[in-house]
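A quick write-up on the structure given underneath.
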Amino acid sequence: MVVLHHLENSRSQRILWLLEELRAAYELKTYRRDPETSLAPPELLAIHPLGKAPVITHEDQAIAESGAIIEYLLDQFDSAGILQPARSTAAYQQYRYWMHFAEGSFMPLMVMSLIFKRLENARMPFFAKPIARKLVGKVRQAYLQPNTKRALDFMESTLAANEWFGGREFSAADIQMSFPVEAAAVRAGLDDYPALQGFLDRIHARPAYRRALERGGELTLMR
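Okay, so the sequence shown: first residue is 1 according to full-length UniProt numbering, each after it adds one.
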């Protein structure tokens, strides 16, 4: 049986949701973040050398990284191809692109946004704070904000043309992209992106998504 080592308020929520969509049998082990650092607890080091989530164990192996876990679970439990387009189709190329875009292109921007926010609010000598804020502000203005906007505009145009990231049908690419869009809603705002907000509304209404929240807890992301 698959064991999902689930860290609260983390990307492992996607794996929990995928397991529910697949109706796969699994065991859930939940870990709490350190209240001081918000990092994963040291117990996860016993599961995988990096000590991070998501990670699953199955048949005496530990598998980490969201994309790798999703591909593994689809290989194991989606032989009918319910959550992935046929490989010979154009939809599959779009599906595969968004599977990689989520962590390769967009999540680094969301992580940078979080780090900058925490740096601005970090304890430091009074004379250092204005310097830190000025540096953060310059990097945010020159790099983070324009690149985030460009990515969000691209995501918005994709969903304005198609209901889902992989095309007309819901797929695992939408599960992979869910956390980045959730993070963008909190850290960048989606007021100017109705298609992205509509995407969130649709995934939140899926029964499997709601079951995942019931089992793993509500997803509350840090700003």
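Every residue gets a Cβ at the ideal spot worked out from N, C-alpha and C, and that includes glycine.
Predicted model only: the values in this text are computed from it and were never measured.
With residue i and residue j assumed to form a contact (beta carbons below 8 Å), what rounded beta-carbon distance in angstroms separates them?
i	j	result
Leu7	Ala64	Not really, about 12 Å apart at Cβ, beyond 8 Å.
Ala184	Leu219	Wrong, their Cβ atoms sit about 14 Å apart, outside the cutoff.
Glu20	Arg211	5 Å
Asp78	Leu22	6 Å
Leu114	Arg187	7 Å
Gly216	Leu16	5 Å
Leu109	Leu144	6 Å
Ile47	Ala25	With a Cβ gap of about 19 Å, Ile47 and Ala25 do not count as contacting.
Gln76	Gly166	The pair is not a contact, with the Cβ atoms about 20 Å apart (cut-off 8 Å).
Glu27	Met1	6 Å
Over what stretch of residues does the alpha helix (DSSP H) that includes residue i continue unbroken?
i	result
His5	No alpha helix (DSSP H) holds His5; the beta strand (DSSP E) holding it covers Val2 to Leu7.
Ala62	That residue, Ala62, is in no alpha helix (DSSP H); its beta strand (DSSP E) goes Gln61 to Ala64.
Asp174	Ala172 to Arg187
Arg140	Segment: none, Arg140 is in no alpha helix (DSSP H) and carries neither H nor E.
Ala195	Pro194 to His204
Ser12	Ser12 to Leu22
Glu218	Element bounds for Glu218: n/a, residue is neither H nor E.
Near residue i, which residues of its chain fall below 8 Å by C-beta distance, leaving aside the five closest residues on each side in sequence?
i	result
Gly67	Met99, His100, Ala102, Glu103 and Gln176
Arg14	Pro54, Ser66, Ile70, Ile175, Gln176, Ser178 and Phe179
Lys29	Val3, Leu4, His5 and His6
Met112	Leu144
Over what stretch of residues does the beta strand (DSSP E) that includes residue i continue unbroken?
i	result
Lys29	Tyr26 to Tyr31
Could you tell me which residues DSSP puts in a beta bridge with residue i?
i	result
Val55	His5 and Ala64
Gly104	Gly104 pairs with nothing; no bridge assigned.
Gly167	Trp164
Looking at residue i and the ligand GTP, is the gap between the Cβ and the nearest heavy atom below 8 Å?
i	result
Gly167	The ligand GTP is absent from the structure shown, which contains no ligands of any kind.
Identify, in the order they occur along the chain, each residue of the same chain with its Cβ nearer than 7 Å to the Cβ of residue i, setting aside the five sequence neighbours on each side.
i	result
Pro41	Tyr31, Arg32 and Asp34
Leu18	Ile70, Leu73, Ala172 and Ile175
Tyr92	Pro85 and Ala86
Met155	Leu196
Arg168	Asn162
Quick check: is the beta carbon of residue i nearer than 9 Å to any beta carbon in chain B?
i	result
Glu43	The structure shown contains no chain B; it holds only a single protein chain.
So, at 6 Å on beta carbons, what are the nonlocal neighbours of residue i in its own chain, with the 5 sequence-adjacent residues on each side left out?
i	result
Thr148	Leu109 and Ala188
Trp164	Phe170 and Asp174
Phe106	Ala151 and Pro180
His58	Val2
Tyr209	Trp17 and Ile203
Decide if the stretch 177-185 is in contact with the stretch 90-103; the criterion is three or more beta carbon pairs, one per stretch, under 8 Å apart.
yes
Per the contact definition of three or more C-beta pairs closer than 8 Å, is the stretch 75-86 in contact with the stretch 105-120?
no
Would you call the stretch 147-161 and the stretch 185-197 touching, i.e. three or more CB-CB distances under 8 Å?
yes
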